[in-house]
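Structure, as structure tokens:
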Amino acid sequence: MKGKKWSLFALLALIAMVVLAACGGSNGGNNEPEEAGAEEPTNEASNDANNEATNNEAATDVSYEELTITFSHNQPIESPEHVGAEKFKELVEEQSGGAITVDVYPAQQLGNLREQVEGTQIGEIDITMQPSAVISPFVDDIKAVDLPYLWPTDKEQMYEVQDSEVGAELLATLENGGFQGLGYWPGGFKLFTTNGIEVHSPEDFEGVTMRTMESPVLLAQYEGWGGNPIPVPYSEVYNALQQGIVDGQENPLQTIFLNNYHEVQDTVIESYHGSMTYILMANQGWFNGLPEETQTLIRQAEEEARMAARQALEDTEDQFREDIIATGVNYYELTAEEIDAFREASLPIHAAEYSTPEQQELLEKLYQEIEAVTGE
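One gets the working numbering by counting positions in the sequence shown from 1 and adding 8 to each.
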């Protein structure tokens with residue numbers, strides 16, 4: 009009996025040793041002791057790690073094909089337009105993880121304005137930013153942007169109309185010329201500049217020679233007011249003004265100042281008669297051939313870059329105005345009554361220049377949207 013008890017005690021002791029060994033084996037086969045002070049991760053730290061892993065996984069969900077985008081425009085590197093272009097480049101390259109590169113060519117490096125539109129149409133340039141007036145010879149419908157005294161005189165209200173559904177409908181007409189419209193970029197309201205001629209009414213343009221872009225609606229604008237419009241290439245405007253080939257021209261504040269037109273013009277008139285609206289557009293075939301995720305990235309970057317360009321214009325336009333006035337030119341702003349007289353005189357130009365049934369229908373939608381935005 010005594011021997012049996014010993015055997016039982018020995019068996020129990022053996023079982024206890026096995027259990028203790030199992031409980032003490034927390035190193036998972038590692039015979040090295042744990043570092044002093046090491047702690048189990050807290051729930052918060054564990055959650056942060058899990059969130060970071062999830063975010064990293066989400067960031068790699070979209071894989072972009074390698075691509076180089078050619079982006080051209082006309083403005084100098086000091087301009088708000090170039091600020092927007094650089095923002096577009098930054099966003100696309102950053103958000104694509106470097107797979108997509110944007111090469112920006114400012115200041116007419118890829119040709120004059122018309123040549124850049126042509127280059128985009130045939131696919132030599134992927135994306136370009138051009139004044140609507142330069143595009144209108146290629147796509148007639150887009151000339152609505154340049155109808156005189158169409159837009160509200162408040163730029164934020166104008167932006168609201170341009171970014172609306174009817175603005176998108178107008179932008180979509182670019183497809184008729186092989187372009188993909190991406191957005192309306194800001195250049196500012198155009199002003200009249202002249203030499204020794206004050207303008208307070210349409211009749212004051214009688215016999216005045218004004219430089220314009222090569223745009224049918226801009227030619228019709230001055231003809232409708234009694235003036236003599238002459239198309240002059242952008243690169244030759246300063247010389248044309250200096251040599252008296254033309255009496256005046258129209259451009260926004262930044263263009264007047266950055267190109268020193270105020271040096272060869274003694275009168276600057278803030279007229280609000282039109283907007284120098286730039287259109288950001290791509291070659292349609294090139295854009296449609298891109299993967300869907302790349303198209304989405306371009307559209308999202310365009311919207312943010314457009315806002316950056318608008319803010320840059322807001323930040324600099326007052327300074328341009330002050331700098332021009334400081335040179336001693338005759339600078340004044342048309343009164344509300346004078347603007348109303350110009351607007352009334354411009355309505356027949358709208359009807360004559362935007363005359364097809366489809367254009368008239370689109371113009372009526374624009375009128376309605378402007379009325380809704382301005383409350384007038």
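Glycine is no exception: its CB is placed at the ideal position from the N, C-alpha and C atoms.
As the structure is a computational prediction, the values presented were derived from the model and not from experiment.
Three-state secondary structure assigned by DSSP to residue i
i      : result
Phe328 : helix
Asn203 : coil
Thr263 : helix
Glu74  : coil
Ala228 : helix
Ala107 : coil
Asn247 : helix
Phe187 : strand
Thr181 : helix
Val147 : coil
Leu99  : helix
Ile357 : helix
Ala290 : strand
Ile347 : helix
Met166 : helix
Ser140 : helix
Asn63  : With a pLDDT of only 40 at Asn63, under the threshold of 50, the placement of this residue in the model should not be trusted, and no figure is reported.
Glu384 : coil
Glu372 : helix
Asn35  : Here Asn35 scores only 36 on pLDDT, less than 50, and its place in the model should not be relied on; the value that follows carries that caveat. In this structure, Asn35 counts as coil in the three-state DSSP scheme.
Glu271 : helix
Asn296 : helix
Asp241 : Residue identity check: residue 241 is Pro in the sequence provided, not Asp. Coil, per DSSP.
Ile378 : helix
Thr364 : coil
Span separating the alpha-carbon of residue i from that of residue j
i      : j      : result
Glu173 : Pro139 : 21 angstroms
Leu370 : Glu352 : 20 angstroms
Val125 : Asp69  : 36 angstroms
Thr78  : Val110 : 6 angstroms
Asn338 : Arg329 : 12 angstroms
His90  : His281 : 24 angstroms
Ile332 : Thr324 : 13 angstroms
Thr181 : Val147 : 7 angstroms
Glu346 : Ser209 : 6 angstroms
Thr76  : Gly383 : 45 angstroms
Gln368 : Leu121 : 28 angstroms
Glu102 : Ile108 : 9 angstroms
Ser363 : Thr285 : 22 angstroms
Asn291 : Arg314 : 19 angstroms
Leu155 : Gly105 : 42 angstroms
Gly252 : Glu271 : 13 angstroms
Asp171 : Phe213 : 33 angstroms
Ala380 : Glu164 : 14 angstroms
Met245 : Thr161 : The sequence given here places Val at residue 245; Met does not occur at that position. Using only the alpha carbons, I get a separation of about 26 angstroms.
Val169 : Asn184 : 22 angstroms
Thr335 : Thr263 : 16 angstroms
Glu206 : Gly127 : 40 angstroms
Gln116 : Asn267 : 14 angstroms
Ala359 : Gln327 : 37 angstroms
Ala344 : Asn259 : 20 angstroms
Gly215 : Leu305 : 50 angstroms
Glu372 : Leu226 : 20 angstroms
Cβ separation of residue i and residue j, assumed to be a contact under 8 angstroms, to the nearest whole Å
i      : j      : result
Gln257 : Thr201 : 6 angstroms
Phe197 : Ser144 : Between Ser144 and Phe197 the Cβ distance is about 19 angstroms, and since that is not below 8 angstroms, they are no contact.
Gly293 : Gly131 : 7 angstroms
Asn82  : Tyr242 : 7 angstroms
Ala228 : Glu361 : 5 angstroms
Glu211 : Gly234 : 6 angstroms
Ala316 : Lys95  : 4 angstroms
Gln188 : Phe295 : 4 angstroms
Contact under 9 angstroms by Cβ, residue i with residue j
i      : j      : result
Asn247 : Thr217 : no
Ile133 : Ser87  : no
Trp159 : Gly92  : no
Ala309 : Val100 : yes
Ser261 : Leu199 : Per the sequence shown, residue 261 should be read as Leu rather than Ser. Against a cut-off of 9 angstroms, the Cβ pair of Leu199 and Leu261 comes out as a contact.
Asp149 : Glu366 : yes
Val254 : Arg219 : yes
Glu222 : Ala141 : yes
Leu190 : Arg318 : no
Pro114 : Ile135 : no
Leu288 : Met137 : yes
Lys151 : Pro239 : no
Gly232 : Ser354 : yes
Glu278 : Leu342 : yes
Gln273 : Asn203 : yes
Pro299 : Glu74  : no
Gly195 : Leu321 : yes
Leu118 : Val153 : no
Check: residue i C-beta below 8 angstroms from any heavy atom of the ligand HEM
i      : result
Leu288 : Summarising the ligand content, the structure contains no ligands, and the ligand HEM is consequently not present.
Closer than 9 angstroms to chain B by CB, residue i
i      : result
Tyr157 : The chain inventory of the structure shown lacks chain B, comprising one protein chain alone.
What runs of the beta strand (DSSP E), each 3 residues or longer, lie entirely inside the segment 300-344? 338-341
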